[in-house]
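Using full-length UniProt numbering, you'd call the opening residue of the sequence shown number 1 and step up by one each time. First up is the structure itself, then whatever we jot down about it.
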Amino acid sequence: MSLPFALPGLTRTEAVADALHRVLAGFDHNDVEIFKSAFVEGEDVTMEIRDETNMPPFKGLSAIVDKAFGFVSKLDTTHMASNIRVFLETDDKASLVCLVSAQHAPAGQAKEPAGPKYLVGAEYEISLVKESGAEGLWKIMRWIARVQWADGDAGVMKPSTE
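In structure tokens:
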């Protein structure tokens, strides 16, 4: 099933939060198009994961798609966002913060009761801009994920050497 990018009837606040929902749906449904619809195109967009790995930020949509989506979408995942707070700064700029719990399992192993799983709790801080044009979707310009805790098999999050 292909997920729609634009949803009718959303309030401004809901439309801002929908960028987050498009990202998470992209990960969980392995849908690169809805994932990309949530980001500003080009090299100005950044994604930063702050955890113990000290991974450098992903700069540019191509790096975000290649590194973040390219890895996470190969796993079985469920990302659940809560405590979403949206701040409308201007007509075309906004920010949001939220908490996300993300369950990760190797592809095809999520339903195995004793299978490897990795659960992560993070706080997201996201800056967004509203695109001009007919759809007027809100797009992520900067995304910081601060990992607060993790539980389970961290090996799930290591790229396969196959």
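All C-beta atoms, glycine included, are put in the ideal place defined by N, C-alpha and C. Just so you know, these numbers come straight off a predicted model, no measurement behind them.
In this structure, the CA atom of residue 74 is about 33 Å from the CA atom of residue 9.
C-alpha of residue 48 to C-alpha of residue 126: approximately 10 Å in a straight line.
Pairing residue 65 with residue 111 gives a Cβ-Cβ distance that is not under 8 Å. The beta carbon of residue 87 sits closer than 8 Å to the beta carbons of 94, 95 and 96 from its chain, once the five residues preceding and following it are set aside; these are given in chain order. In this structure, residue 115 keeps its C-beta atom at 8 Å or more from the C-beta atom of residue 149. About 6 Å separates the CB atoms of residue 156 and residue 105; that is less than 8 Å, so the two are in contact.
Each residue's CA atom was taken as its position, placing residue 113 and residue 92 some 46 Å apart. Cβ neighbours of residue 68 within its own chain (closer than 7 Å, five residues either side excluded): 47 and 58.
When C-alpha distances from residue 142 are compared across 24, 53, 61 and 27, the shortest belongs to 61. The closest CA to that of residue 14, considering only 144, 146 and 139, is found on 139. By the Cβ neighbour-count rule, residue 7 is exposed, with fewer than 16 other Cβ atoms within 10 Å of its own. When the Cα atoms are used, residue 40 and residue 19 turn out to be separated by approximately 11 Å. When secondary structure is reduced to three states using DSSP, residue 5 falls in the coil class, being assigned neither helix nor strand.
In the DSSP assignment, residue 95 forms a beta bridge with 87 and 127.
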